[in-house]
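Chains as they are written, first to last, in the numbering used here: chain W, 107 to 223; chain P, 389 to 500.
Scroll down for the structure; my scribbles are underneath it.
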Amino acid sequence: DTGVSQNPRHKITKRGQNVTFRCDPISEHNRLYWYRQTLGQGPEFLTYFQNEAQLEKSRLLSDRFSAERPKGSFSTLEIQRTEQGDSAMYLCASSPLPDGFSYNEQFFGPGTRLTVL
Amino acid sequence: GDSVTQMEGPVTLSEEAFLTINCTYTATGYPSLFWYVQYPGEGLQLLLKATKADDKGSNKGFEATYRKETTSFHLEKGSVQVSDSAVYFCALSSANAGKSTFGDGTTLTVKP
Numbered sequence: 107d108t109g110v111s112q113n114p115r116h117k118i119t120k121r122g123q124n125v126t127f128r129c130d131p132i133s134e135h136n137r138l139y140w141y142r143q144t145l146g147q148g149p150e151f152l153t154y155f156q157n158e159a160q161l162e163k164s165r166l167l168s169d170r171f172s173a174e175r176p177k178g179s180f181s182t183l184e185i186q187r188t189e190q191g192d193s194a195m196y197l198c199a200s201s202p203l204p205d206g207f208s209y210n211e212q213f214f215g216p217g218t219r220l221t222v223l
Numbered sequence: 389g390d391s392v393t394q395m396e397g398p399v400t401l402s403e404e405a406f407l408t409i410n411c412t413y414t415a416t417g418y419p420s421l422f423w424y425v426q427y428p429g430e431g432l433q434l435l436l437k438a439t440k441a442d443d444k445g446s447n448k449g450f451e452a453t454y455r456k457e458t459t460s461f462h463l464e465k466g467s468v469q470v471s472d473s474a475v476y477f478c479a480l481s482s483a484n485a486g487k488s489t490f491g492d493g494t495t496l497t498v499k500p
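Written out as structure tokens, the structure reads:
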């Protein structure tokens, strides 16, 4: 399967602990995105990378969140000192670079569901 | 900033009924518009897309037309099936921008 993969699929942690999620994008895609989705809402943008460069980060993103994409391949999203409000589905997506009138169609992974107790 | 508003759900229809899910947007410039679908237990996947005014996106019997004058991108299907039961998300992306902006989703349930 050559789609976007995410690990782990589920994570349960206690408040105050740190967690890290991994995303492996489609191999030829230069762009990688992280979103957060809570029940009954659409995906909310967190950050995105073009190759290894982090080009945009949501102003709503707490300093406890950090993301990396070393070597422009897989990406990790770390949440430090987790809070109950961090409980959500964390989605990763990838896309090729836009060209002219490119659509920015994104290919999504299955998500990592985080539960903070 | 950019925003997407979808009709509130859930929507319940009988098989072979006509479907409309309304979507309106606010954006600067000329965004690309998308409908994504999320089947139970699966990730989001692109259903259809349109990149400029009056374009019609279509896939699997679903259609949506990019209406710049009304800033809308309503999803339609003439005859729904039980297998169409899913959550549908309208989204936009400004040309060459990174992120996409999503609506809150509309849950469709089709009963036999």
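Glycine included, each C-beta is placed from N, C-alpha and C at the ideal position.
Since the model is a prediction, treat every value here as computed from it, not as a measurement.
Look at the segment 149 to 181 of chain W: the residues with a C-beta under 7 Å from a C-beta of chain P are 149, 151, 154, 161, 162. With a threshold of 16 other beta carbon atoms within 10 Å, residue 108 of chain W falls short and is exposed.
Here residue 142 of chain W is buried, its C-beta having at least 16 other C-beta atoms within 10 Å.
A distance below 7 Å between beta-carbons, with the five flanking residues on each side excluded, links residue 204 of chain W to the following residues of its chain, in chain order: 210. Contact between residue 465 of chain P and residue 449 of chain P holds: their C-beta atoms lie close to 5 Å from each other, under 8 Å. Rounded to the nearest whole angstrom, the C-alpha separation of residue 424 of chain P and residue 180 of chain W is 24 Å.
In this structure, DSSP gives residue 442 of chain P a state outside helix and strand, which the three-state scheme calls coil.
With fewer than 16 other beta carbons inside 10 angstroms of its own, residue 144 of chain W counts as exposed. Relative to residue 415 of chain P, the option among P/482, P/493, P/499, P/487 whose CA is nearest is P/482.
Residue 116 of chain W has W/219 as its beta-bridge partners, per DSSP. For residue 481 of chain P, the closest Cβ of chain W is nearer than 9 Å.
Of the candidates W/156, W/139, W/160, the residue whose Cα lies closest to the Cα of residue 150 of chain W is W/139. For the segment 437 to 468 of chain P, the beta-carbon criterion of a distance under 7 Å to any beta-carbon of chain W is satisfied by 437, 439. If the five residues before and after residue 201 of chain W are omitted, its C-beta is found closer than 7 Å to the C-beta atoms of 135, 137, 210, 211, 212, 213, all from its own chain and listed in chain order.
Looking only at W/189, W/164, W/114, the smallest Cα-Cα distance to residue 122 of chain W is reached by W/189.
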